[in-house]
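The opening position of the sequence shown corresponds to residue 219 in my numbering, with each subsequent residue numbered one higher.
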Amino acid sequence: FADADLDKAATAVAGSVTFNAGQACVAGTRLIVERSVADRLTAAILERMKAVRPGPTWNEATQYSPVISERQRARVDSIVRAAIDAGGECLTGGGVMNSPGYFYQPTLISDVDQTNPAIVEEIFGPVLTIQTFETEEEALALSSHPTYGLASGLFTADLSRTIRFARKLEAGTVWVNRYSRSRDHILPTGGYKRSGIGKDLGREAYLANRRTKSVLISL
């Protein structure tokens, strides 16, 4: 939202798709931003995406890893091509990196609707889409994915809005003014729709993995 700390949001958003090259089930691949600040936030994200250096993540000079295989890199590229063919505009990236290994450029695509392949598919690569809204209702409608609902992030300074969205977002995890795990592994993880049945981690996972036995005795 427009009242958010945009620098903090840009760092979190860019990091969510460049960390491990976007190969995480909770990667934040869809950005939905209030129209009045969309240009400012986009510029800040582009700056961070263009600054990443490919190479081993254990090397302090590099912080951007390759995708897992040549096949997966080709799949990521095919989704990006399809997204552009469907009307999306590639603002940065959109191709293979000129580096040893299966690196793909951090990619940002705008002008996408809810039927665009980059919105519909679970990419598992360093690709981010951006959509804009003007009202809370529009933001909620855009946030609802037809297939998945594992995690979401909300950036706002409005606590009342935070509570409203936390209740309505169709996601198993809602991060507020952050987008990452830290010490929250004791909390249950699991999503809506095809993002899983049941929970991992936390008390809920423990209870789900217990075996219950019924014993009926007549005396």
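From the three backbone atoms N, C-alpha and C, an ideal C-beta is built for every residue, glycine too.
Per the DSSP calculation, residue i is bridged to which residue(s)?
i    : result
T350 : V251
G371 : W393
L425 : None; L425 has no bridge partner.
C308 : I327
V314 : Y322
D418 : T407
Can you tell which of the options has the C-alpha that lies nearest to the C-alpha of residue i?
i    : options                   : result
A227 : W393, D329 and E422       : W393
R421 : E265, G313, L264 and G408 : G408
T391 : I341, Y320, L372 and D329 : L372
Y366 : G273, E340 and K386       : E340
L368 : V294, K417, L259 and M267 : K417
Y322 : E265, D295 and R248       : D295
N427 : K411, A262, P406 and T260 : P406
V244 : E265, E354 and S398       : S398
P364 : L387, R382, T353 and L264 : L387
K411 : K431, G319 and S362       : S362
G233 : R266, V251, L360 and S436 : R266
L419 : R396, D376, I404 and V338 : I404
L360 : N395, V251 and A239       : V251
V338 : T247, N238, T229 and S432 : T247
A256 : F219, E288 and T229       : F219
A239 : M315, T430 and E355       : M315
In three-state DSSP terms, what is residue i?
i    : result
I263 : helix
K411 : strand
P272 : strand
V244 : coil
V345 : strand
D257 : helix
D225 : helix
D303 : helix
D295 : helix
Measure how close the beta-carbons of residue i and residue j come, nearest whole angstrom, since I'm counting them as under 8 Å.
i    : j    : result
A279 : A336 : With 8 Å as the limit, A279 and A336 do not qualify as a contact, their Cβ atoms being about 30 Å apart.
P344 : T236 : 6 Å
G241 : I286 : Checking the displayed sequence, the identity of residue 241 turns out to be Gln instead of Gly. Correct: roughly 6 Å between the Cβ atoms.
R253 : T380 : About 20 Å separates the two Cβ atoms, so there is no contact after all.
V330 : G306 : 5 Å
S370 : A389 : 4 Å
T374 : D221 : 6 Å
P324 : T333 : Wrong, their Cβ atoms sit about 24 Å apart, outside the cutoff.
V231 : L346 : 7 Å
Can you check whether the CB of residue j is closer than 8 Å to the CB of residue i?
i    : j    : result
I348 : S317 : no
I415 : L326 : no
F342 : Q290 : yes
P272 : Y320 : no
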